[in-house]
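Notes for the one structure printed next.
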Amino acid sequence: MTPGSCRTISSVGFAGCSPKRSKPVTRTVCIRAILPLRVQGVTTHPRDPIQRRTLGTLASTQVLGGIGLAAGIAVGSLIAEDITGSPTYAGLGGTFQVLGSALIAIPVARMMYARGRRPGLVLGYALALAGAVLIIAAALAGSFALLLVGSLLFGGATTSNSQSRFAAADLAAPEHRGRDLSIVVWATTIGSVLGPNLVGPAQPVARALGIPELAGPFVFSLVAIGVAIVVLVLRLRPDPLVLSRERERGAAESIAVAAAVPETSDPLAADPPAPTAHRAGSIRQGLADVVSHRPALLGLITLALGHATMVSLMVMTPLHMRHGDAELTLIGLVISIHILGMFALSPVVGIAADRFGPVGVAQVGSLILMVAAAMGAFASEGFSIPLTLALFLLGLGWSCTLVTGSTLLTAALTPEQRPGAQGSADLLMGLAAGGGGALAGVVVAQASYAMLAAGVGVLAAAILVATVVLGRPSPGGDKAGNTLRGQRSASSHRG
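To get our numbering, take the position in the sequence shown, counting from 1, and add 6.
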């Protein structure tokens, strides 16, 4: 039976299905309407207006969130060093932002499971607003403890920015999941490149407000993140996760009907997983779901190691440049170029993941990260072209691991499983990067920036090893992995 055919089934009727090919004595089910709807990976038409609205809303909030987040990242380690007077503790400002993003992923995941994407994203940004206020107060008071608390809360912006990419995939068709996800990631480019370059203009603003100059960028963070919250509240409707669950339930009912049809030759109709039981959206359950699916586990490892590699080297680069007497403007420029590498080419990465498979693109990302680490190891202090190029490649390699890891994780799980699993992914990403960032400060203080770069090169190589070990088809034929490898061929069968 082809996707375009109709099959007679007694005691079942679907509105909108033509009975032209069926006997008139019974009702008819149009298999064409059933097959694209699968419990695992609920599809939408690629031009679905709801998905277009969702992508547009998420993209706009990514721009705003990117401005707020990147402006703070550019000066976080510098504020910490000014307060403590020690480079050993300088990395802790950025490290606590990363740890905050990890810890805040727990309540955000629970909120998303209970109420949808919109309340969860708003929660993360609201905590970031409180964090920005505390960081400004810490700079005024010279309090390192207050700075760490503020940095922890400011990590909520990272959580919401990160979870937005998963929201983009909730309603995406499987063959376009990488592309849609990467569009939202790409939107961060505008804000993230603009944010660090606000360090200079923020100085007169800070003087006018009577706060330290390095705290000035967090004023811009307050404004940008506040507007992002307003946009989410007004525009992210209907909620993509809630709608995805509703469509999943409809798909499950359709598949149950299709299962009564003995004859089928379409691969898309084969063996969909049963709907999952009610779960609390917990991180523990989410992690268990990830471990039970090889593609999801590979996605988690790719995300965590890629993020740890990038953050560990990135957070210490402003300090490395400052020790070479680089001006704040040049430091902001290098971080902007780094962030450009992180996000600007993400649509290309997403399309490549859809076309060639996420595993291969993750391997390319691992190799790029290793090249970036090698270049960083030989870069001198201060501003230099090799260091700038190394930071760009560091961002590009991270983009490959983020898009492919997120695609692997999302495709392997049902909408019911995703909030907890995605929350666990962001939690482990944050913990791995936070640990790496904390260790980075010690390594630079006790050894050198070059030694740090060598260490992150080893982390990047571990991603390559993971893709070789876990990227192979499982003996039982992992359905999620096969689905990912065959997305494009599957879409060609839909007629």
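Ideal Cβ positions, reconstructed from N, Cα and C, are used throughout, including at glycine.
DSSP, reduced to helix, strand and coil, places residue 297 within a helical segment of the structure shown. With a minimum length of 4 residues, the unbroken runs of alpha helix (DSSP H) contained wholly in the stretch 185 to 266 fall at 205 to 215, 223 to 241 and 246 to 264.
Looking only at 312, 349, 389 and 291, the smallest Cα-Cα distance to residue 337 is reached by 389. Closest by C-alpha distance to residue 241, out of 63, 186, 208 and 201, is 63.
Counting C-beta pairs closer than 8 Å gives three or more between the stretch 440 to 447 and the stretch 78 to 96, which meets the contact rule. For residue 450, the uninterrupted alpha helix (DSSP H) run begins and ends at 424 to 452, by DSSP. DSSP places residue 360 in the uninterrupted alpha helix (DSSP H) bounded by 352 to 362. With a threshold of 16 other beta carbon atoms within 10 Å, residue 245 meets it and is buried. With respect to the C-alpha of residue 56, the residue from 307, 129, 289 and 175 having the closest C-alpha is 175. Contact between residue 107 and residue 432 holds: their C-beta atoms lie close to 7 Å from each other, under 8 Å. At a Cβ-Cβ threshold of 9 Å, residue 131 and residue 161 do not count as neighbours. Of the candidates 377, 413, 384 and 378, the residue whose Cα lies closest to the Cα of residue 361 is 413. Under the three-state reduction of DSSP output, residue 181 falls in the helix class. Per the Cβ contact rule, the stretch 211 to 218 is not in contact with the stretch 373 to 389 (fewer than 3 Cβ pairs under 8 Å). The way I'd put it, the stretch 121 to 138 doesn't touch the stretch 463 to 478; fewer than three beta-carbon pairs between them come closer than 8 Å. In the three-state DSSP reduction, residue 419 falls in the coil class, being neither helix nor strand. In the DSSP annotation of this structure, the continuous segment of the alpha helix (DSSP H) that includes residue 457 starts and ends at 455 to 476. CA-CA distance, residue 366 to residue 209, rounds to 45 Å. With respect to the C-alpha of residue 397, the residue from 112, 352, 315 and 236 having the closest C-alpha is 315. Closest option to residue 378, judged by alpha-carbon separation, among 312, 430 and 250: 312. Within the same chain, 64, 67, 68, 127 and 190 come within 7 Å of residue 170 by CB-CB distance, once the 5 residues on both sides are set aside. Under the three-state reduction of DSSP, residue 329 is assigned to coil, being neither helix nor strand.
Note that the C-beta distance between residue 345 and residue 76 is below 9 Å.
If the five residues before and after residue 302 are omitted, its C-beta is found closer than 8 Å to the C-beta atoms of 295, 296, 414, 415, 418, 419, 427 and 486, all from its own chain and listed in chain order. Apart from the 5 residues on each side of it in sequence, residue 154 sits with its Cβ closer than 7 Å to the Cβ of 98 and 102 in its chain, given in chain order.
The beta carbons of residue 220 and residue 81 sit closer together than 9 Å. Around the Cβ of residue 340, a 10 Å sphere holds 16 or more other Cβ atoms; the residue is buried. One Cα belongs to residue 123, the other to residue 342, and the distance between them is close to 29 Å. Beta-carbon to beta-carbon, residue 435 and residue 309 are separated by about 5 Å, close enough to satisfy the 8 Å threshold.
In the displayed model, residue 387 falls within coil according to three-state DSSP, outside both helix and strand.
Annotation: residue 74 to residue 228 spans about 7 Å, alpha carbon to alpha carbon. Here residue 249 is buried, its C-beta having at least 16 other C-beta atoms within 10 Å.
In this structure, the alpha-carbon of residue 441 lies about 24 Å from that of residue 369. Under the DSSP assignment, residue 137 falls in the alpha helix (DSSP H) whose first and last residues are 123 to 147.
DSSP places residue 91 outside any alpha helix (DSSP H), giving it a letter other than H or E. At a Cβ-Cβ threshold of 9 Å, residue 327 and residue 402 do not count as neighbours.
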